[in-house]
Ligand code: DP6
């Protein structure tokens with residue numbers, strides 16, 4: 001019997017992934033880029049036990065048994081076993097026939113647009129890779145679980161290059177800069193609603209691809225924006241970084257609104273946070289905080305350390321406690337995968 005426990009962090013995109021060109025292989029229509037958060041506050045913990053005595057694979061998520069036959073989980077298990085089986089030694093071949101029991105827990109709201117599938121699938125793939133002794137790039141395996149999960153494989157700043165190959169072999173994550181590169185960067189995760197979102201990212205992006213005209217325009221803009229974003233990170237140029245981050249989030253939500261039926265992930269509280277960030281930047285006379293929203297109403301704010309305390313005081317002042325469940329100050333965009 002083999003047992004391995006790992007943890008994996010969430011990542012928050014500053015250039016969003018939205019839309020697939022291949023639903024099965026999870027190949028995107030545009031590249032994306034994110035910061036991987038440290039694991040103090042938001043992480044998934046997964047234990048995989050593999051044994052020749054188990055009669056079938058099983059999985060429990062946050063204490064409840066889930067359907068192991070889910071297409072995505074099966075794709076991940078198949079890929080892992082294929083790569084484990086690829087290795088020649090007789091003992092490894094036998095390993096790939098072991099059945100697994102998987103127990104996975106998130107310490108933050110699941111499916112509330114807080115990148116739980118990213119840390120979830122990243123953690124699942126990383127832990128399985130330890131059990132089945134899979135080496136090499138595992139971001140392509142995480143990708144077939146959930147697209148954004150491939151970026152959580154690395155710490156710091158991570159691009160997911162969309163790739164061109166039809167088999168998806170070049171659609172993988174790439175570390176742009178490590179977690180020590182921009183030491184002053186902080187991330188605030190404001191949870192305004194921790195309920196499960198009404199439109200999942202998967203369904204939402206599929207509808208956008210089918211019905212939105214604007215998404216075609218966005219696809220043309222993203223390559224240039226990716227290049228600018230990578231440069232702003234390399235140069236630690238917060239002004240450019242912040243402007244691009246907010247612009248890309250706005251464009252992504254405009255695509256959602258242009259989808260039929262329209263998707264509105266942001267709520268009134270989200271819009272008030274946008275307004276506060278804009279006013280804060282005006283008061284500072286430069287871009288000092290940048291909001292971004294995934295497929296949910298919860299604002300994530302990238303900002304430099306010196307702005308954390310003033311902005312948090314303003315946010316705390318404006319939001320009555322029933323509206324703002326909690327504010328998490330993730331103190332670093334910092335690595336990442338750690339075996340426990
Ligand atoms: C808005 O990775 O959850 O968070 O590949 O269908 O599992 P699937 O979608 P998912 O989509 C994430 C979308 C996003 C933007 C991003 O993280 O880049």
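Residue numbers (the UniProt record's numbering): 1 to 340.
Backbone N, C-alpha and C fix where the C-beta goes; we use that ideal spot for every residue, glycine too.
Measuring alpha carbon to alpha carbon, tell me which residue in the options is nearest residue i.
| i | options | result |
| --- | --- | --- |
| residue 238 | 129, 192, 291, 200 | 291 |
| residue 268 | 206, 296, 24 | 296 |
| residue 83 | 131, 54, 70, 61 | 131 |
| residue 316 | 304, 272, 305, 302 | 272 |
| residue 4 | 23, 51, 22 | 51 |
| residue 359 | 1, 289, 308, 48 | Because the chain in this structure spans residues 1 to 340, residue 359 falls outside the shown range and cannot be described. |
| residue 126 | 278, 211, 221, 44 | 44 |
| residue 225 | 247, 180, 206 | 247 |
| residue 180 | 298, 155, 142, 143 | 155 |
| residue 318 | 281, 282, 276, 309 | 276 |
| residue 23 | 204, 104, 105, 285 | 204 |
| residue 201 | 65, 149, 105, 178 | 149 |
| residue 178 | 245, 234, 78 | 234 |
| residue 106 | 63, 147, 309 | 63 |
| residue 94 | 147, 108, 2, 171 | 2 |
Considering only the beta carbon of each residue, do residue i and residue j sit closer than 8 Å?
| i | j | result |
| --- | --- | --- |
| residue 157 | residue 187 | no |
| residue 249 | residue 241 | no |
| residue 138 | residue 46 | no |
| residue 189 | residue 42 | yes |
| residue 122 | residue 153 | yes |
| residue 252 | residue 18 | yes |
| residue 10 | residue 229 | no |
| residue 243 | residue 287 | yes |
| residue 16 | residue 28 | no |
| residue 81 | residue 70 | no |
| residue 140 | residue 169 | yes |
| residue 199 | residue 260 | no |
| residue 345 | residue 165 | There is no way to answer for residue 345, as the model of the chain reaches only from 1 to 340. |
| residue 311 | residue 280 | yes |
| residue 61 | residue 104 | yes |
Could you pull out every residue in the same chain whose Cβ sits closer than 8 Å to the Cβ of residue i, ignoring the five residues on either side in sequence?
| i | result |
| --- | --- |
| residue 257 | 263, 264 |
| residue 330 | Confidence is the limiting factor: at residue 330 the pLDDT is only 42, short of 50, which leaves the residue's position unreliable and the question unanswerable from this model. |
| residue 227 | none |
| residue 167 | 25 |
| residue 322 | With a pLDDT of 48 at residue 322, under the threshold of 50, the modelled position of that residue is not reliable, and the figure given next carries that caveat. Cβ neighbours of residue 322 beyond the five flanking positions: none. |
| residue 300 | 12, 187, 188, 189, 190, 291, 292, 293, 294 |
| residue 54 | 98, 99, 100, 101 |
| residue 314 | 276, 280 |
Since residue i and residue j are thought to touch, with beta carbons under 8 Å apart, how far apart are those beta carbons, to the nearest angstrom?
| i | j | result |
| --- | --- | --- |
| residue 129 | residue 151 | Not confirmed; about 16 Å, so no contact. |
| residue 426 | residue 134 | Any answer about residue 426 is impossible in this case: the structure gives the chain only from 1 up to 340. |
| residue 31 | residue 162 | 5 Å |
| residue 68 | residue 58 | 6 Å |
| residue 142 | residue 160 | Rounded, the Cβ-Cβ distance is 10 Å, inconsistent with contact. |
Could you name the residues of the same chain whose beta carbon sits closer than 7 Å to that of residue i, not counting the 5 residues immediately before and after it, in chain order?
| i | result |
| --- | --- |
| residue 56 | 99 |
| residue 34 | 11, 12, 13, 14, 151, 158 |
| residue 136 | none |
| residue 307 | 288, 289 |
| residue 266 | 253, 293, 297 |
| residue 274 | 291 |
| residue 245 | 14, 290, 292, 302 |
| residue 79 | 141, 144 |
| residue 214 | 254, 255, 258 |
With hydrogens ignored, establish whether the beta-carbon of residue i is closer than 7 Å to any heavy atom of the ligand SAH.
| i | result |
| --- | --- |
| residue 19 | Inclusion of the ligand SAH in the displayed structure is not the case, the ligand content consisting of the ligand DP6 alone. |
So, at 6 Å on beta carbons, what are the nonlocal neighbours of residue i in its own chain, with the 5 sequence-adjacent residues on each side left out?
| i | result |
| --- | --- |
| residue 72 | 145 |
| residue 182 | 236 |
| residue 120 | 44 |
| residue 66 | 59 |
| residue 192 | 269, 297, 298 |
| residue 222 | 30 |
| residue 284 | none |
| residue 206 | none |
- Taking only runs that begin and end inside the stretch 115-145, name each unbroken alpha helix (DSSP H) of 4 or more residues, in chain order. Taken in chain order, the complete alpha helix (DSSP H) segments of 4 residues or longer contained in the stretch 115-145 are 116-131, 139-145.
- Task: Mind listing, in chain order, the continuous alpha helix (DSSP H) runs of no fewer than 4 residues lying wholly within the UniProt domain "Mvd1 C-terminal" (187-329)?
- Result: Entirely contained in the UniProt domain "Mvd1 C-terminal" (187-329), the alpha helix (DSSP H) runs reaching 4 residues are, in chain order, 201-211, 214-234, 238-257, 268-284, 308-318.
- Considering only residues of the stretch 1-50, which uninterrupted beta strand (DSSP E) runs meet the minimum length of 3 residues and lie entirely inside it, listed in chain order? 2-9, 11-15, 20-22, 32-36, all fully within the stretch 1-50.
- Task: Can you check the stretch 59-104 for any alpha helix (DSSP H) of at least 4 residues that lies completely inside it and give the ranges in chain order?
- Result: Whole alpha helix (DSSP H) segments, 4+ residues: 71-86, 90-95.
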